[in-house]
Amino acid sequence: MSVLALEIGWGWMLAFKALVILLIVPLGALVLGYTFLLKMMSHMQSRLGPMDPGGFHGWFQLVGDGLKFLQKEDIIPEDADRRVFAFAPVIVVISTFLMFVVIPIGPVAIVANLDVGVFYALAVSSLSVIGVLMAGWSSANKFALMGALRAAGQLIAYELPLLLAVVGVVMQAGTMSLQGIVSAQQNGSIFGWSGIGNPFIFTQIIGFLLFMIAAQAELSQTPFDMPVAESELVAGYMVEYSGFRFLFFFIGEFGTATAFAALAATLFLGGWSLPGVHGLPAELLGPLVLFVKLMGVAFLMFWVRFTYPRLREDQLQAIAWKFLIPIALANIIVTAIIKVAF
Amino acid sequence: MAFKLPGLIGGLGITFKTMLQGAVTVQYPHEKEQPPARSRGVIALHEDNCTSCMLCSRACPDWCIYIEGHKEERPARREGGRPRAVNLLDRFDIDYALCMYCGICVEVCPFDALFWSPEYEYSEPNIASLLHNKDRLGEWFHTVPEVEPLEVGAAPVAKAKK
């Protein structure tokens, strides 16, 4: 944080970073939930969504919902494995929090600039499947168990194309650090023209599409929402949850959507960087720029979510194993050849 | 797996277009919809026309019309005639908690005493308050719209046979 000419002890720094991360997840969940789940979906269905809470276009609706969940009774079923049941939502949310650790919002504004940033982000994002499995197994409910098993199968199947889609970006940038990937895009050039840097969405458009599809499945959003399919499994692994534990799952869902949107924006759209902006202005503009890009990516995610119907379980697996993974592998090979040739 | 990309993109186009078109929602307490002229909002009573013949009450499928009346003698119309007996309405209640808005009472009334009104704002916190007495039903009569003129070229209304 020397850019801001502030010298503060590492303890305070750590506390500050932890506070930011703790705020970013619920805030991201609120912003995405309000903008897309409440408003965009409503307008795509020719309705307005909540209009009254808070006065202006119902912006307070989700906060009110959250407060409502907090004051509800914390119900644990009699046959449930109490400790596991109580702890499962926490794991889901922790995996979301951990993802934000490596996502940069400015030249130095990052909690931990790991050398293996991408690897770490994708690894912790798959932690949530453990929470989901715990929730489904400990609920002592057949719907919850079915949902959890579906979630496990789905997340394992789509973890692979997600990783393979990112490999192209990593090869092109020559680093796994997210800061390195951002600066590679900011300082890159397209055939010698460096007017807008070199956002990897142009060269890695296939990787971007694969990443978005796989992220959609990782988030278990429609068309890949079999784990929580309302018409088949009531609410899947969340079926026995109520009150603030359900709120945890909700925050986890939309917080992870925020994290994946931020990750996609960082990997493919240049993250916090604007071409030609360096130093202090980049530091100040960074969060805003990332937010705009993040919202753009999230718009794509939720647009797909509110358009398509749900796939069947076998179709889901077929798409991952027979379609996405071969394409991702071909993408890697082509990227490698071009990287070596040029 | 068949190649379904054009359909998928078309679907995205439809949702995007719908999003830009604006909502059809009417923000009810703040703005009100004008119900069509012949909508079945509430049944109004024109008390002067009612002869308490009980036809509506008997036709009502869920027995939500309560009528009580008594007879009074009135002097003869012409000299040397007999005094007439007239039905007077004591009670005419419609229980809107029961009413299913079928409109059979309006159809069956031979004296044009019952009308549909498009008014719909009469919900109550207490279910007993949904029983509208004849004064309340008479107030609704002021909201009954004029009969709309027939369309050009429509068949003339059949005159009632004398």
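Chains A and B supply the protein sequences, listed in that same order. For the first sequence, my numbering gives the first residue as 2, with consecutive numbering after it. For the second sequence, my numbering gives the first residue as 21, with consecutive numbering after it. Even glycine gets a Cβ: it sits at the ideal position worked out from N, Cα and C.
Three-way DSSP call (helix, strand, coil) for residue i in this model
| i | result |
| --- | --- |
| G198/A | strand |
| D226/A | coil |
| K69/A | helix |
| I111/A | coil |
| I104/A | coil |
| I191/A | strand |
| H58/A | coil |
| S126/A | helix |
| W11/A | helix |
| H44/A | helix |
| V164/B | coil |
| C80/B | coil |
| R97/B | coil |
| G280/A | helix |
| N146/B | coil |
| E171/B | coil |
For residue i: DSSP bridge partner residues
| i | result |
| --- | --- |
| H152/B | I114/B |
| S137/B | V62/B |
| N69/B | In DSSP, N69/B forms no bridge with anything. |
| H90/B | L108/B |
| I15/B | Residue 15/B lies beyond the stretch modelled for chain B, which goes from 21 to 182, so this question has no answer here. |
CA-to-CA distance, residue j to residue i, given in whole angstroms
| i | j | result |
| --- | --- | --- |
| V106/B | I87/B | 15 Å |
| F17/A | L23/A | 10 Å |
| S126/A | V119/A | 11 Å |
| G65/A | V46/B | 23 Å |
| T257/A | L220/A | 7 Å |
| S129/A | G67/A | 21 Å |
| Y159/A | L325/A | 9 Å |
| Q155/A | D315/A | 10 Å |
| P26/B | P54/A | 40 Å |
| G101/B | E93/B | 13 Å |
| A185/A | V85/A | 43 Å |
| G237/A | E231/A | 7 Å |
| L28/B | W304/A | 12 Å |
| G59/A | A342/A | 55 Å |
| P108/A | K24/B | 42 Å |
| E67/B | E168/B | 23 Å |
| I26/A | F135/B | One point to set straight first is that residue 26/A is Val, not Ile, in the sequence displayed. About 59 Å. |
| A43/B | K37/B | 12 Å |
| P187/B | S72/B | Absent from the model: residue 187/B. The displayed extent of chain B is 21 to 182, so no value can be given. |
| G272/A | P162/A | 21 Å |
| V4/A | G280/A | Because V4/A carries a pLDDT of 47, less than 50, the predicted location of this residue cannot be relied on, and no value is offered for it. |
| L115/A | V102/A | 9 Å |
| V62/B | S137/B | 5 Å |
Residue-level contact to chain A via CB, residue i, 8 Å cutoff
| i | result |
| --- | --- |
| G31/B | yes |
| M39/B | yes |
| A79/B | no |
| T45/B | yes |
| T35/B | yes |
| V177/B | no |
Buried or exposed (CB count within 10 angstroms, at least 16 for buried), residue i
| i | result |
| --- | --- |
| C76/B | buried |
| F203/A | exposed |
| A136/A | buried |
| N146/B | exposed |
| K91/B | exposed |
| E254/A | buried |
| K323/A | exposed |
| T163/B | exposed |
| H152/B | buried |
| Y48/B | exposed |
| F225/A | buried |
| W160/B | buried |
| C122/B | exposed |
| V177/B | exposed |
| D227/A | Sequence check: residue 227/A is Met here, not Asp. M227/A comes out buried. |
C-beta neighbour in chain E for residue i, strict 8 Å
| i | result |
| --- | --- |
| L210/A | As a matter of chain content, chain E is missing from the structure shown, whose protein chains are A and B. |
Short CB-CB distance (under 8 Å) between residue i and chain B
| i | result |
| --- | --- |
| W322/A | no |
| L60/A | The sequence as given places Trp at residue 60/A; Leu does not occur at that position. No, no contact with chain B. |
| L330/A | no |
| L49/A | yes |
| T336/A | no |
| M41/A | yes |
| W194/A | no |
| F57/A | no |
| T223/A | no |
| T36/A | no |
| M52/A | yes |
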